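Shown next, in structure tokens, is the structure this report addresses.
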Amino acid sequence: MSVSSKPSDNLLRMRRCCLAFAAGIVVLAGFLGYQVISKVPPLLHTPLMSGTNAISGISLVGSLVAAGAHYGLLSNVLGFVAVVAATINTVGGFLITDRMLRMFRRRPTDKP
Amino acid sequence: MNQAYIPIAYLIASVCFILTLQGLSSPKHARAGNALGSVGMLIAVVGTLLLKDIESFRFIVPGLIIGSLIGAAMSIWIPMTKMPERIALSHSFGGLAAALVGVVEYIHLGGAYLVDHRFIMGALALEVFLGFLTFTGSIMAFGKLQGLITGAPVTWKGQNGTNITMFLGALVLLVFVVLDPTRYLLFYLMGVLGLTVGILAVLPIGGADMPVVISLLNSYAGLASASTGFALGNPVLIIAGALDGTSGFLLSMKMSQAMNRSFANVLFGAFGTGDSAGADAGGAAAGGAAYNLATVDDAAGVLDAAQSLIVVPGYGMAVSQAQHATRELAQVLEGKGASVKYAVHPVAGRMPGHMNVLLAEANVPYDQIFDLDDINDEFARTDAVLVVGANDVVNPAAKDNPGSPIYGMPVFNVEQARAVIVLKRSVNTGFAGIENELFVRPNTMMVLGDAKKTLREFTTALKG
Chain A
1 MSVSSKPSDN LLRMRRCCLA FAAGIVVLAG FLGYQVISKV PPLLHTPLMS GTNAISGISL
61 VGSLVAAGAH YGLLSNVLGF VAVVAATINT VGGFLITDRM LRMFRRRPTD KP
Chain B
1 MNQAYIPIAY LIASVCFILT LQGLSSPKHA RAGNALGSVG MLIAVVGTLL LKDIESFRFI
61 VPGLIIGSLI GAAMSIWIPM TKMPERIALS HSFGGLAAAL VGVVEYIHLG GAYLVDHRFI
121 MGALALEVFL GFLTFTGSIM AFGKLQGLIT GAPVTWKGQN GTNITMFLGA LVLLVFVVLD
181 PTRYLLFYLM GVLGLTVGIL AVLPIGGADM PVVISLLNSY AGLASASTGF ALGNPVLIIA
241 GALDGTSGFL LSMKMSQAMN RSFANVLFGA FGTGDSAGAD AGGAAAGGAA YNLATVDDAA
301 GVLDAAQSLI VVPGYGMAVS QAQHATRELA QVLEGKGASV KYAVHPVAGR MPGHMNVLLA
361 EANVPYDQIF DLDDINDEFA RTDAVLVVGA NDVVNPAAKD NPGSPIYGMP VFNVEQARAV
421 IVLKRSVNTG FAGIENELFV RPNTMMVLGD AKKTLREFTT ALKG
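Heads up: the sequence lines are chains A and B, in that order. Counting along the first sequence from 1, when you hit position 37 you're at 37 in the numbering used here, and nothing is skipped either side. Counting along the second sequence from 1, when you hit position 109 you're at 109 in the numbering used here, and nothing is skipped either side.
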């Protein structure tokens with residue numbers, strides 16, 4: 001099997017990004033995440049969890065390739081399952097986070 | 001077709017995700033941030049669909065439609081009290097997606113190719129192992145929360161040894177697979193071990209420790225996503241995964257701290273079943289006879305006279321869906337001129353922030369809700385405390401009984417208030433299985449029964 005029958009040039013180029021580069025991204029993102037997330041008050045910890053859940057549904061990006069690329073039927077079917085699972089997380093995650101956040105109010109709206 | 005824009009789409013998505021988390025620092029901007037996140041996701045997905053690798057949409061379109069329908073239906077109809085279950089399920093979906101993508105990539109790239117790309121192999125193996133572990137672990141957490149599996153720790157002799165051996169065994173397999181990526185059997189065996197470890201690791205963990213477990217599984221799901229990003233060389237996956245992983249890790253740290261316990265203790269401690277727990281607690285309260293059981297009218301009288309009230313909600317409020325009844329009672333008391341505050345412990349309920357969401361659903365303004373540190377000095381100056389289905393977080397044994405399994409856990413000083421009214425389903429011990437000294441104190445009144453019903457009766461008595 002030649003390399004050209006492997007991932008397309010585009011993906012391959014990204015793959016060649018060296019370990020140090022990828023590690024640099026993860027370290028910086030982790031650091032930034034730490035800074036930003038430690039400012040989230042306990043009040044919003046549940047929306048934080050459902051929100052990050054929705055965000056990590058970004059694995060949908062990988063699932064889409066698995067389901068749609070010319071990888072063979074088995075791979076496409078596994079990819080299909082992954083697409084369903086990841087889509088539930090992204091769509092459901094953003095919607096339910098919004099539903100929760102809508103409820104957080106400062107002043108009573110229905111004072112008797 | 002020129003695909004140079006795709007990394008740009010991913011970059012925009014990454015920035016949107018970071019702004020989403022930034023928005024969560026205050027309830028004011030949180031909704032806008034969340035909306036921005038969904039826009040980022042849309043950009044990333046559309047960008048991916050335009051990739052030339054994607055040749056056929058016959059699996060993609062049905063997948064997107066089915067997933068969107070299920071996701072939307074779940075988010076519309078799931079009651080807020082069931083949020084921990086919903087989060088546990090979504091961690092399992094996240095883990096499953098990551099693991100499957102890893103398996104597909106492994107099949108596609110093939111061992112021969114991966115021999116020259118060990119870094120990708122390592123990332124793939126990690127992704128598959130963590131993904132499967134998160135998948136079954138989260139299903140187990142869901143089962144425990146939903147009551148499909150007993151919420152009590154399930155333990156047997158040599159359990160921790162078996163679990164640790166299996167975990168280490170999976171890591172050894174991982175190393176072998178990286179050293180020789182053509183060992184397909186070992187790769188799949190590692191995946192199976194991941195599935196098994198997920199089940200076995202969550203079994204011994206009790207319901208009260210769920211906030212830590214859910215946070216930790218959140219972290220694993222994030223790490224699995226980040227590993228996917230490494231394997232695919234996709235920065236947006238790395239960034240989103242790292243954010244998710246950090247968030248889960250930070251939350252589990254905070255939850256452990258709020259229980260004064262280490263990760264190891266939560267994961268391997270099988271809380272509430274040890275012999276010492278039963279023996280030490282025995283001295284605190286010698287059975288139901290010592291409880292000061294009160295009628296609804298007695299307790300309502302105390303509430304009526306109180307000028308200041310602090311409500312301490314716990315998991316029992318979620319079980320009884322009593323958040324609205326709590327708010328109604330509080331409004332009646334506020335109408336009579338009393339000040340009402342809510343004290344929420346970091347580990348109250350079954351996931352971080354569980355109580356806050358329920359109170360928000362019942363229209364409690366969030367400036368009336370206080371954290372442990374902000375309110376703990378106020379109990380001594382408070383006329384009445386209403387404990388709605390909370391137990392361990394109001395147990396004074398955590399402060400003054402070094403033999404108690406929860407000794408050292410920061411708890412509310414409720415016993416310092418002039419009167420404490422505890423709403424409880426029965427006089428059984430809480431989830432941690434520990435007797436609560438608070439219930440036998442002279443200034444404590446216990447009102448047994450369903451919390452929602454009792455609260456409604458209070459409200460009726462106070463209005464009449």
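By construction, the Cβ of each residue, glycine as well, lies at the ideal position given by its N, Cα and C atoms. Predicted model, so just to flag it, every value in this text is computed and none were measured.
{"Item": "Residue range of the unbroken alpha helix (DSSP H) whose run includes A348 (chain B)", "Value": "Here A348 (chain B) belongs to no alpha helix (DSSP H), and DSSP marks it neither H nor E."}
{"Item": "Cβ pair V393 (chain B), H345 (chain B) closer than 9 Å", "Value": "yes"}
{"Item": "T444 (chain B) to L438 (chain B) span [Cα, whole Å]", "Value": "7 Å"}
{"Item": "Under 8 Å from the C-beta of S308 (chain B): neighbouring residues of chain A", "Value": "The premise fails here: S308 (chain B) is roughly 18 Å from chain A at the closest Cβ pair, so nothing lies under 8 Å."}
{"Item": "Chain-ordered neighbours of E85 (chain B) on chain A, where CB pairs are closer than 7 Å", "Value": "Under the 7 Å cutoff, chain A gives no residues; its nearest Cβ is about 12 Å from E85 (chain B)."}
{"Item": "Within-9 Å CB hit, Y188 (chain B) to chain A", "Value": "no"}
{"Item": "is_contact[N76 (chain A), chain B] using C-beta, thresh 9 Å", "Value": "yes"}
{"Item": "Within chain A, partners of S339 (chain B) - CB distance below 7 Å", "Value": "None at all; the shortest Cβ gap to chain A is about 13 Å."}
{"Item": "Coil, strand or helix - I310 (chain B) by DSSP", "Value": "strand"}
{"Item": "Within-9 Å CB hit, T475 (chain B) to chain A", "Value": "Here chain B comprises residues numbered 1 to 464, so residue 475 (chain B) is not present and cannot be evaluated."}
{"Item": "Three-state secondary structure (DSSP) of D98 (chain A)", "Value": "helix"}
{"Item": "First and last residue of the uninterrupted alpha helix (DSSP H) at D297 (chain B)", "Value": "V296 to A305"}
{"Item": "Simplified DSSP assignment, three categories, for F268 (chain B)", "Value": "helix"}
{"Item": "Beta-carbon proximity of V101 (chain B) to G92 (chain A), cut-off 9 Å", "Value": "no"}
{"Item": "Counted within 10 angstroms of its Cβ, other Cβ atoms place S56 (chain B) as buried (16 or more) or exposed", "Value": "exposed"}
{"Item": "Local Cβ density within 10 Å of Q22 (chain B), reported as buried at 16 or more and exposed below that", "Value": "buried"}
{"Item": "Cβ-based burial, C31 (chain A) [other Cβ within 10 Å; buried from 16]", "Value": "The question names Cys, but residue 31 (chain A) is Phe in the sequence shown. Exposed, by the Cβ-count rule."}
{"Item": "Buried versus exposed call for S262 (chain B) [16 or more other C-beta atoms within 10 Å across all chains shown]", "Value": "exposed"}
{"Item": "Distance CB(L195 (chain B))-CB(T136 (chain B)) smaller than 9 Å", "Value": "yes"}
{"Item": "Which of helix, strand or coil DSSP assigns to F370 (chain B)", "Value": "strand"}
{"Item": "Where S225 (chain B) meets chain A, residues with beta-carbon distance less than 8 Å", "Value": "S56, I58 and S59"}
{"Item": "Closest residue to L145 (chain B) among B:M351, B:V302 and B:A306 (Cα-Cα distance)", "Value": "B:M351"}
{"Item": "L148 (chain B) - DSSP class collapsed to helix/strand/coil", "Value": "coil"}
{"Item": "Bridge partner(s) assigned by DSSP for K424 (chain B)", "Value": "B:L448"}
{"Item": "Simplified DSSP state of S38 (chain B), which is helix, strand or coil", "Value": "helix"}
{"Item": "Own chain partners of V259 (chain B) with C-beta closer than 6 Å, once the 5 adjacent residues on each side are dropped", "Value": "What sits at residue 259 (chain B) in the sequence shown is Met, not Val. Excluding residues within five positions, the ones whose Cβ falls inside 6 Å are V347 and M409."}
{"Item": "N260 (chain B): contacting residues in chain A (beta-carbon distance under 7 Å)", "Value": "Neighbours of N260 (chain B) on chain A: none; closest Cβ ~17 Å, over 7 Å."}
{"Item": "I375 (chain B), DSSP secondary structure in three states", "Value": "helix"}
{"Item": "L386 (chain B), enclosing beta strand (DSSP E) - first and last residue", "Value": "A384 to V388"}
{"Item": "Extent of the continuous alpha helix (DSSP H) run through W77 (chain B)", "Value": "I60 to W77"}
{"Item": "Chain-ordered neighbours of G353 (chain B) on chain A, where CB pairs are closer than 8 Å", "Value": "P42, L43, L44, H45, T46, P47, L48 and M49"}
{"Item": "Nearest residue (CA-CA) to L448 (chain B), options B:F142, B:G222, B:A9 and B:R425", "Value": "B:R425"}
{"Item": "Residues bridged to S339 (chain B) (per DSSP)", "Value": "B:S308"}
{"Item": "Extent of the continuous alpha helix (DSSP H) run through R86 (chain B)", "Value": "M83 to L114"}
{"Item": "Continuous alpha helix (DSSP H) stretch holding N160 (chain B): start and end", "Value": "Q159 to L179"}
{"Item": "Cα-Cα separation, A97 (chain B) to G122 (chain B)", "Value": "18 Å"}
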